[in-house]
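Structure first, commentary second.
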Amino acid sequence: MNDAEFFAQRGFGLRMGFGRRAALVVIDLIRGFTDPDRPLGAELAPQIEATNRLIGDVARRGEPVFFTTVRYDAPDLSDAGIWPLKQSGLVTLAGDTDGAELDPRLVRVPGDQLIVKKYASSFFGTDLSSRLVAAQVDTLIITGCTTSGCVRATAVDALQNGFRPIVVREAVGDRSQAAHEQSLFDMQAKYADVVSVEEALGRN
100 MNDAEFFAQR
110 GFGLRMGFGR
120 RAALVVIDLI
130 RGFTDPDRPL
140 GAELAPQIEA
150 TNRLIGDVAR
160 RGEPVFFTTV
170 RYDAPDLSDA
180 GIWPLKQSGL
190 VTLAGDTDGA
200 ELDPRLVRVP
210 GDQLIVKKYA
220 SSFFGTDLSS
230 RLVAAQVDTL
240 IITGCTTSGC
250 VRATAVDALQ
260 NGFRPIVVRE
270 AVGDRSQAAH
280 EQSLFDMQAK
290 YADVVSVEEA
300 LGRN
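In the working numbering, the protein residues as written are 100 to 303.
Structural data, given as structure tokens:
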């Protein structure tokens, strides 16, 4: 029996499905992460392309789009807490650099909202939950990076805050393919629905 069969036998991986109204959250597709030559970067061109398809679809439906970035404004990175002790590359996300800027390949229109965060989850220390409630959203379509980090943390917190997390497989990416695949498996088993981009585009 493989892992997928074992988890299914134990009742994991049930389908939550889409709710009544969705929002799209585009997690950290910023220069510091999408430039593979930078310390925190990876090649994410396919994920950006898939995300842009979803942005267009969500906009046509009149649903909100949220972009997130990680930016540190304190010169000594004190607003990153102790995280720099674990990742020296966080210095590339300082506010006086272009690391926190959204990737210019993304489609962004007036009205799309920007969430500035300091840590992995798009919910931690931000007002994202309040904005979603105000927009009468019950479903969060998740794209961006990294699958094993900020995407996973956001999916877990979405579930814990009462929103249905929908992770779009082709629209999320990671520096490590192994971490990417394991995180998708884990989220599908316990925290989110992992769907194809075509399924997300074809929802009712």
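Glycine included, every Cβ here is placed at the ideal spot set by N, Cα and C.
- Under the DSSP assignment, A122 falls in the beta strand (DSSP E) whose first and last residues are A121 to I126.
- DSSP places R251 in the uninterrupted alpha helix (DSSP H) bounded by R251 to Q259.
- About 19 Å separates the beta carbons of A141 and R170, which is beyond the 8 Å limit, so they are not a contact pair.
- Fully enclosed beta strand (DSSP E) runs of no fewer than 3 residues occupy 121 to 126 and 164 to 169 of the stretch 106 to 183, in order along the chain.
- By the Cβ rule, the stretch 203 to 215 does not count as touching the stretch 102 to 117, because fewer than three pairs are nearer than 8 Å.
- With contact defined as three or more Cβ pairs closer than 8 Å, the stretch 286 to 293 and the stretch 266 to 277 are in contact.
- Counting only residues of its own chain and dropping the five nearest sequence neighbours on each side, G194 has a CB closer than 7 Å to the CB of R170, Y171 and D172.
- Spanning the alpha carbons of E148 and K216 requires a straight line of approximately 24 Å.
- For Q281, the closest C-alpha among the options L139, R119, P145 and V250 is that of V250.
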